[in-house]
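Engineer: The structure is given below, and queries will be raised subsequently.
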Amino acid sequence: MTDPGKIPSPDDPFPNEFGTTCFIKNVVRAPNVIIGDYTYYDDEEAPDQFETRNILFNYPFFGDKLIIGKFCQIASGTQFLMGAANHRLGTASTYPFNVMGGVWREKSTPHIEDLPHKGDTVVGNDVWFGRNCVVMPGVRIGDGAIIAAQSVVTKDVAPYTVVGGNPARFLKKRFDDELTDLLLRLRWWDFPPEKLTAFLPVLCDPDPETVKAALKKAIAEKETT
């Protein structure tokens, strides 16, 4: 039986002795940003400043949200651009004259009201972002995806795929379709802490056939309870 006191707590901002890894749900306060348990940001300088340094142009009144699932791994320098970062595209100039004040505000139309709305940015569970990625507004990234370092994500990413580049493009599937389907069906990230801890040997096993067998057994147990 695992001692619950030894299981890392999602409510502890700094779960280990290194001081560079922060469970960021505990330090982000913006009402339009939702972050799941155990999702961390790793940074040598200030991982607890993720909200101010890595979520850019976030003005909740604009109406979009940033939703990041559980167990995501976000490397240093990765940034999420929110919708208010956009400029209007349908006018002769993209310049935000209205924002600068003075007589320009009187002579121009409100800038914010004309910005394109891309919708919420949604990241699934167990997604790994390499260093210095940029995620554009309105993108949806599926469970288990990997975003290569220095990538600029401009469109949706399918679950359990690897993408990279600027703009990020599909590179490969992580697993075959059967294993991907089993992982999506089981949703191990929703396990209670003690059950997850007992299941870690499966999640860390490099043999896909062994993992498939364990996942099938776990799914059968899940569906009968």
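Residue numbers (our numbering): 8 to 232. Note that beta-carbon positions come from the ideal geometry of N, C-alpha and C, so glycine has one too.
Any chance you could list the beta strand (DSSP E) runs of at least 3 consecutive residues sitting entirely within the stretch 49-119, in chain order?
Structural biologist: Those beta strand (DSSP E) runs which fall completely within the stretch 49-119 and span 3+ residues are 73-75 and 86-88.
Engineer: Starting from Ile153, follow its DSSP beta bridges and name the residues at the other end.
Structural biologist: Looking at the DSSP assignment, Ile153 forms a beta bridge with Trp135 and Val169.
Engineer: Return helix, strand or coil for Thr128, following the three-state DSSP convention.
Structural biologist: Strand.
Engineer: With 16 as the cutoff for other CB atoms within 10 Å, does Leu96 come out buried or exposed?
Structural biologist: Leu96 should be labelled exposed.
Engineer: What's the gap between the Cα of Lys202 and the Cα of Phe104?
Structural biologist: Those two C-alpha atoms are separated by around 56 Å.
Engineer: Any contact of the stretch 16-36 with the stretch 50-62, i.e. 3+ C-beta pairs under 8 Å?
Structural biologist: Yes: the two stretches touch, three or more of their Cβ pairs being nearer than 8 Å.
Engineer: Considering Leu210, what are the terminal residues of the beta strand (DSSP E) in which it resides?
Structural biologist: Premise fails: Leu210 lies in the alpha helix (DSSP H), Pro200 to Leu210, not in any beta strand (DSSP E).
Engineer: Three or more C-beta pairs closer than 8 Å, one from the stretch 70-83 and one from the stretch 37-46: is that the case here?
Structural biologist: In short, these stretches touch, since the Cβ pair count reaches three.
Engineer: If you draw a straight line from the alpha carbon of Asp197 to that of Pro17, how long is it in whole angstroms?
Structural biologist: Approximately 13 Å, taken between the alpha carbons.
Engineer: Expressed to the nearest angstrom, what Euclidean distance is found between the alpha-carbon atoms of Leu122 and Arg192?
Structural biologist: In a straight line, the C-alpha of Leu122 is about 38 Å away from that of Arg192.
Engineer: Would the beta-carbon of Asn61 fall within 8 Å of that of Thr85?
Structural biologist: Cβ distance < 8 Å, so Asn61 and Thr85 count as in contact.
Engineer: By DSSP's criteria, Tyr47 is part of a beta bridge. Which residues make up the other side?
Structural biologist: Phe30 and Gln80.
Engineer: So Arg192 is in the alpha helix (DSSP H); what residue range does that whole segment cover?
Structural biologist: Where Arg192 is concerned, the enclosing alpha helix (DSSP H) stretches over Asp184 to Leu193.
Engineer: Give the DSSP bridge partners of Phe177, in chain order.
Structural biologist: DSSP, once it has assigned bridges, lists Val170 as partnering Phe177.
Engineer: Taking the alpha carbon of Val35 as the point to measure from, which residue in Tyr48, Asn23, His124 and Thr27 has its own alpha carbon closest?
Structural biologist: Nearest C-alpha to Val35: Tyr48.
Engineer: So, for Thr101: in the same chain, excluding its five sequence neighbours on each side, which residues have a beta-carbon less than 7 Å away from its beta-carbon?
Structural biologist: So the qualifying residues of the chain are His94 and Arg95.
Engineer: Quick check: Lys162 and Val142, are their CB atoms within less than 8 Å of each other?
Structural biologist: Not closer than 8 Å, so no.
Engineer: Quick one: is Cys211 buried, meaning 16 or more other Cβ sit within 10 Å of its Cβ, or exposed?
Structural biologist: Exposed.
Engineer: Taking buried to mean at least 16 other C-beta atoms within 10 Å of its own C-beta, is His124 buried or exposed?
Structural biologist: Per the 10 Å Cβ criterion, exposed.
Engineer: Under 8 Å, do Thr168 and Ala152 count as touching if we go by C-beta distance?
Structural biologist: Yes, the pair counts as a contact, with Cβ atoms nearer than the cut-off.
Engineer: With distances taken Cα to Cα, identify the nearest neighbour of Asp50 among Ala37, Lys224, Pro20 and Ser83.
Structural biologist: Closest option to Asp50, Cα to Cα, is Ser83.
Engineer: Answer with buried or exposed for Gly136, where buried requires no fewer than 16 other C-beta atoms within 10 angstroms of its C-beta.
Structural biologist: It should be pointed out that residue 136 corresponds to Phe in this sequence rather than to Gly. Answer is buried; the Cβ neighbour count reaches 16.
Engineer: Cα-Cα, which of Val129, Glu230 and Asp133 is closest to Leu88?
Structural biologist: The candidate whose alpha carbon is nearest that of Leu88 is Val129.
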